[in-house]
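Q: Residue numbers for the sequence shown follow this note's numbering, beginning at 13 and rising by one.
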Amino acid sequence: MARLIEGLRALSDEELVGRLAEARQESFNLRFQHATGRLESFSRLGELRKEIARINTLLREREIEAAEEMEKSRG
Numbered sequence: 013m014a015r016l017i018e019g020l021r022a023l024s025d026e027e028l029v030g031r032l033a034e035a036r037q038e039s040f041n042l043r044f045q046h047a048t049g050r051l052e053s054f055s056r057l058g059e060l061r062k063e064i065a066r067i068n069t070l071l072r073e074r075e076i077e078a079a080e081e082m083e084k085s086r087g
């Protein structure tokens, strides 16, 4: 898991937003398959939820860091 987070931390904000959109789309597709009874791998849904949460956490951390830097630069 640490490698996954390190890999995500290495990505730029734009790349993270792209990964987030892809993960959300895949999650939607898997939920749709689950509703229609065609889903084979239920564990992938949980993995995607965690990945989405990790990406959102990293984006929020960066947002907070940027706000703190703005405060420091203002004086």
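Backbone N, C-alpha and C define an ideal beta-carbon position, used for all residues, glycine too.
This one's a predicted model, so the numbers in the text were calculated from it and none came from an experiment.
Give me the Cβ distance between R15 and L70, rounded to the nearest whole Å; I'm assuming they're in contact under 8 angstroms.
A: With a Cβ gap of about 14 angstroms, R15 and L70 do not count as contacting.
Q: Report the three-state DSSP secondary structure of E83 (helix, strand or coil).
A: E83 falls in the helix class under three-state DSSP.
Q: What is the DSSP secondary structure of A22, reduced to helix, strand or coil?
A: Three-state DSSP puts A22 in coil, outside helix and strand.
Q: Using the rule of at least 16 other Cβ atoms within 10 Å of the residue's Cβ for burial, across every protein chain shown, is A35 buried or exposed?
A: Label assigned to A35: buried.
Q: Using DSSP with H/G/I as helix, E/B as strand and the rest coil, what is S53?
A: DSSP places S53 in coil when its eight states are reduced to three.
Q: Pair every Cβ in the stretch 63-78 with every Cβ in the stretch 32-47, then say whether three or more of these pairs are closer than 8 angstroms.
A: As far as the Cβ criterion goes, the stretch 63-78 touches the stretch 32-47, which means the pair count is three or higher.
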